[in-house]
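Heads up: the sequence shown begins at 1 in UniProt numbering, then just goes up one per residue. Data block below; observations after.
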Amino acid sequence: MQMDTFPKAMDTSDVDMESASAPAPESAAGDNRQLENAWGFLSRARQLLAEGNPTLALQSVLSAIRTEGGEQAVLRAMSRAREMYRQRAQSDADMGELTALLAQCAIDEASASGPTAVSNPYCGPGHNPSELLTSPDAILAESGRRQVILDAFADGSSFICLKCGGLFSSSRKDAHLANWCQ
1 MQMDTFPKAM DTSDVDMESA SAPAPESAAG DNRQLENAWG FLSRARQLLA EGNPTLALQS
61 VLSAIRTEGG EQAVLRAMSR AREMYRQRAQ SDADMGELTA LLAQCAIDEA SASGPTAVSN
121 PYCGPGHNPS ELLTSPDAIL AESGRRQVIL DAFADGSSFI CLKCGGLFSS SRKDAHLANW
181 CQ
């Protein structure tokens with residue numbers, strides 16, 4: 001009997017099965033580092049948002065997505081964000097129209113309740129009080145933020161004084177009318 005001094009050759013399917021069942025140590029360590037990098041990017045994004053840098057925060061979030069899922073994951077995330085933005089923009093436009101209509105109704109109703117002494121030229125005789133919302137002379141309109149007036153009026157947190165044309169907190173309405181706007 002002769003003994004082989006060399007071990008028998010392993011079947012290649014055994015090697016494939018062994019490599020599939022036990023991950024290589026470098027691969028597991030690489031996955032952990034990749035996950036830590038992604039969490040680091042997300043932590044940095046939160047910090048950048050708190051500092052008032054939303055663009056840099058977005059770049060950091062995209063880096064985290066890229067680290068985990070590659071360029072395709074970034075494209076899918078950006079596509080989803082774009083779609084959500086479009087849906088919200090359409091909803092905001094519809095809400096803006098509804099808000100303007102409700103503001104118009106409230107102003108018309110308030111002006112129909114009786115004559116008042118008015119110092120605002122847009123509330124005087126021959127003027128529609130709703131012109132306050134569309135007047136180019138309004139401070140917020142001058143800075144391109146007319147929607148602020150509509151939003152504040154729509155959610156009920158503010159009111160438009162028909163005497164002076166100012167926008168005030170609803171909680172201060174009585175004090176404004178009693179003490180400030182005579």
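Heads up, the beta-carbon is just placed ideally off N, CA and C, and yes, glycines get one too. In this text, all values refer to a predicted model and were calculated from it rather than measured experimentally.
| Asked | Found |
| --- | --- |
| Is the CB-CB distance between residue 49 and residue 38 below 7 Å? | no |
| For a test of the three-state rule: what should DSSP assign to residue 177, helix, strand or coil? | helix |
| Assign residue 178 to buried or exposed, taking buried as 16 or more other Cβ atoms, counted over all protein chains shown, within 10 Å of its Cβ. | exposed |
| Mapping DSSP to helix, strand and coil, what is residue 102? | helix |
| Does the segment 56-71 come within contact of the segment 40-48, defined as at least 3 CB pairs closer than 8 Å? | yes |
| Got a sec, what are the start and stop residues for the beta strand (DSSP E) residue 171 sits in? | That residue, residue 171, is in no beta strand (DSSP E); it is neither H nor E in DSSP. |
| Let's see if you can read the secondary structure: which residues bound the beta strand (DSSP E) around residue 158? | 158-160 |
| Consult DSSP for residue 26 and reduce its assignment to one of helix, strand or coil. | With a pLDDT of 48 at residue 26, under the threshold of 50, the modelled position of that residue is not reliable, and the figure given next carries that caveat. Three-state DSSP puts residue 26 in a helix. |
| At the level of alpha carbons, what is the spacing between residue 161 and residue 78? | 43 Å |
| Between the alpha carbons of residue 84 and residue 64, how many angstroms are there, rounded? | 20 Å |
| Assign residue 171 to buried or exposed, taking buried as 16 or more other Cβ atoms, counted over all protein chains shown, within 10 Å of its Cβ. | exposed |
| Roughly how many angstroms lie between the CA atoms of residue 101 and residue 158, to the nearest whole one? | 16 Å |
| From residue 72 to residue 81, what distance separates their C-alpha atoms? | 14 Å |
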